[in-house]
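Residue numbers (our numbering), protein chains in the order written: chain A, 41 to 345; chain B, 41 to 345.
Each residue gets a CB set at the ideal place from its N, CA and C atoms; glycine is no exception.
Number of protein chains: 2
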Amino acid sequence: MAGKLIECVPNFSEGRRQDVIESIAANFRGVKGCSLLDYRADADHNRLVVSLAGEPEAVADALIGAARTAMAAIDMNAHQGAHPRIGAVDVIPFTPIRGISMEECVALSRAFGERYFAELGIPVYFYEESAKRPERKRLEVIRKGQYEVLKVESVTPERQPDVGGPALHPTAGATVVGARQFLVAFNVNLNTADEEIAKKIGTFVRASSGGFCHVKGMGVALSERGMTQVSMNIVDYQKNALYRVLELIRMEARRWGVEVVETEIYGMIPAQALLDSAAYYLQVKDFDPDQVLELKLLGMGDGAE
Amino acid sequence: MAGKLIECVPNFSEGRRQDVIESIAANFRGVKGCSLLDYRADADHNRLVVSLAGEPEAVADALIGAARTAMAAIDMNAHQGAHPRIGAVDVIPFTPIRGISMEECVALSRAFGERYFAELGIPVYFYEESAKRPERKRLEVIRKGQYEVLKVESVTPERQPDVGGPALHPTAGATVVGARQFLVAFNVNLNTADEEIAKKIGTFVRASSGGFCHVKGMGVALSERGMTQVSMNIVDYQKNALYRVLELIRMEARRWGVEVVETEIYGMIPAQALLDSAAYYLQVKDFDPDQVLELKLLGMGDGAE
């Protein structure tokens, strides 16, 4: 594993035919510099979500291969599923993990989008940090009306693809490509059964009601346990560190004599998101992630390379 | 990088001749599965300290090669230096990092010691967790009187090597091999210039005066900064977590109205030592280190292997 490490979670519009799912995933197996962390197909959504991590070039190469497989097997005109989608390969997000900046990931996604259309003929929309039009930062704007509407409207100036088009690919549709921050799913459980308290705290902490700019969240009941939860997505863990979010919630909860019982981290999390909190609470001066043995190892690569 | 990850910090009795130092280090370069993290030679000590991390087999193979180089270049009868030593390769400690237990590291060190003598003819003493005699847990017991005394006394039952001997190797002496925990250097700085307070807290926290069983420590003045420091080595960070040590010190300091200004982590630290503290302070329920993207990557190895 060399210096630059990204995560990539491509979404494919196939969650039912096991042979197609496996043939797409096969493109990510045994690839030097690209690790297949996980893949999950959902039949209702008729969608496959793949988690990759690795070096930018290796990940990009494997993605082109997987897109070729998906394109050959999936006809969007016959596709049905509960999840919104516009293409056989629906979304390809690139996320910086280590040794690579967001700016570099944007450049990577833009170059990938150009190559993707050149090699496969599938038009590309850029979203999130890579958006070329501000409104296209939001995935839902690009996917409005889904494949069925977009294949008609893509010829209009407002909806034409950023690369290729204006017509979509006749069977594979279009693909949304972009760079975005790693999303951390972080929940804080409170020792009160009063859902109103969790909901109020949710409004204090989230961006949409004036809280931290990179936190999405809401209060929910955990009825079986007699507790409530502030359930959050932290969309930029570098700007809104976990400890800061937790301590704000703890402080707000005090008003009602409510305490934090526990927290939950769902799914994967970059080491830095936890190290930042460890360094804060332990008050570590001048902490360098390269002091962490495993991160140093990942950063320097295998001795044989 | 495969599932089992160890650290190894072999010490060689050469800190002056640059060509010898480089020829020893060369054994650890470009070795698949073994990364050379660092190496430092000290002329006064006349000693070379190498930091390695990697898969047990790859590290062991590289060590045999390096020992062969050291053995050919170093004559203990002509060696002088400030640091205690008994051999051209003085100490080889194996430390478990991930996917390997202390018991496995003990077995690894024992098998390595047998192989080491069989291939090189240098007798071996086992220390720390690998000691076959309780008193030999302590390195200073094995090295008492250093090479000059040991080469005479090694024929006595009390001092004979655990593998090979009783005579030491005529030029390379003997080597101490064993498994031990990773040592974390952790300092806590206090906002008082009163050295007595730091010294007292040092006695509360350290094992030798009844504190935590795996903490060594003392209070020292940081005169230039008008602060004092509880300077510690945590010799088992899994049993004496950093957060527990810090919070005990904070609590004791309160008696004098003294507060913790900052802490320092010196040198390398395993990810788990920081994740344990992050999980404590963030109150994370059922946290699994495999949720940390980089650790998962290290654990699964490169996709191409």
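Counting C-beta pairs closer than 8 Å gives three or more between the region 96-113 of chain A and the region 61-73 of chain A, which meets the contact rule. By the rule that beta-carbons nearer than 8 Å mark a contact, E47 (chain A) touches chain B.
Residues of chain B with a Cβ closer than 7 Å to the Cβ of F327 (chain A) are, in chain order, I305. Nearest CB-CB separation between Y283 (chain A) and chain B: below the 8 Å threshold. In the DSSP assignment, K256 (chain A) falls within the unbroken beta strand (DSSP E) covering V255 to L262. By the criterion of a C-beta distance shorter than 6 Å, L190 (chain A) is surrounded in its chain by I126, once the five residues flanking it on both sides are discounted. For a Cβ distance threshold of 8 Å, nothing in chain A lies close to A261 (chain B): the least Cβ distance comes to about 17 Å. In the DSSP assignment, the residues bridged to V90 (chain B) are B:Y79. For A225 (chain A), the three-state secondary structure derived from DSSP is strand. V245 (chain B) places its beta carbon less than 8 Å from that of V270 (chain B). Residue pairing from DSSP places Y165 (chain B) in a beta bridge opposite B:V216.
Listed as beta-bridge partners of P133 (chain B) by DSSP are B:G218. Counting along the chain, the unbroken alpha helix (DSSP H) around E287 (chain A) starts and ends at L282 to R294.
Interface with chain B (8 Å Cβ-Cβ cutoff): Y79 (chain A) is excluded.
Note that the region 287-297 of chain B touches the region 226-237 of chain B; at least 3 beta-carbon pairs, one per stretch, sit closer than 8 Å. Under DSSP, no beta-bridge partner is assigned to G250 (chain B).
At a cut-off of 8 Å between C-beta atoms, P197 (chain B) does not count as an interface residue with respect to chain A.
Following the DSSP letters along the chain, one finds V300 (chain A) inside the beta strand (DSSP E) bounded by residues V300 to Y306. At least 8 Å separates the CB of E144 (chain A) from every CB of chain B. In the DSSP assignment, I274 (chain A) forms a beta bridge with A:V224 and A:V255.
Using beta-carbon distances, I309 (chain B) counts as an interface residue toward chain A, with a partner under 8 Å. L230 (chain B) sits in a strand when the DSSP states are folded into three classes. Judged by beta-carbon spacing, P133 (chain A) lies beyond the 8 Å limit of E159 (chain A), meaning their Cβ atoms are not closer than that value.
In the three-state scheme derived from DSSP, where H, G and I count as helix and E and B as strand, R265 (chain B) is classed as helix. Identification of residues in the region 104-138 of chain A having a C-beta nearer than 9 Å to some C-beta of chain B yields I137 and R138, given in sequence order. The beta carbon of E334 (chain A) sits closer than 8 Å to some beta carbon of chain B. Residues G139 and G339 of the same chain have their beta carbon placed closer than 7 Å to that of G43 (chain B), with the five preceding and five following residues left out of the count. Taking 8 Å as the cut-off, the Cβ atoms of L337 (chain B) and A311 (chain A) do not count as close.
Taking all protein chains shown into account, P210 (chain B) has fewer than 16 neighbouring C-beta atoms within 10 Å of its C-beta and is therefore exposed. Nearest in C-alpha terms to M258 (chain B), of all of B:R265, B:G251, B:H119 and B:A238, is B:A238. For L160 (chain B), the enclosing alpha helix (DSSP H) has its first and last residue at M142 to L160. Per the DSSP secondary-structure output, R138 (chain B) pairs in a beta bridge with B:L45. Remark: three or more beta-carbon pairs, one from each stretch, lie closer than 8 Å, so the region 323-333 of chain B and the region 301-318 of chain A are flagged as touching. Assigned with DSSP and collapsed to three states, I64 (chain B) falls in helix. By the neighbour-count criterion, in which 16 or more other beta carbons inside 10 Å mark a residue as buried, N51 (chain B) falls on the buried side. Counting only Cβ-Cβ distances below 7 Å, E302 (chain A) has contacts in chain B at Q323 and K325, in chain order.
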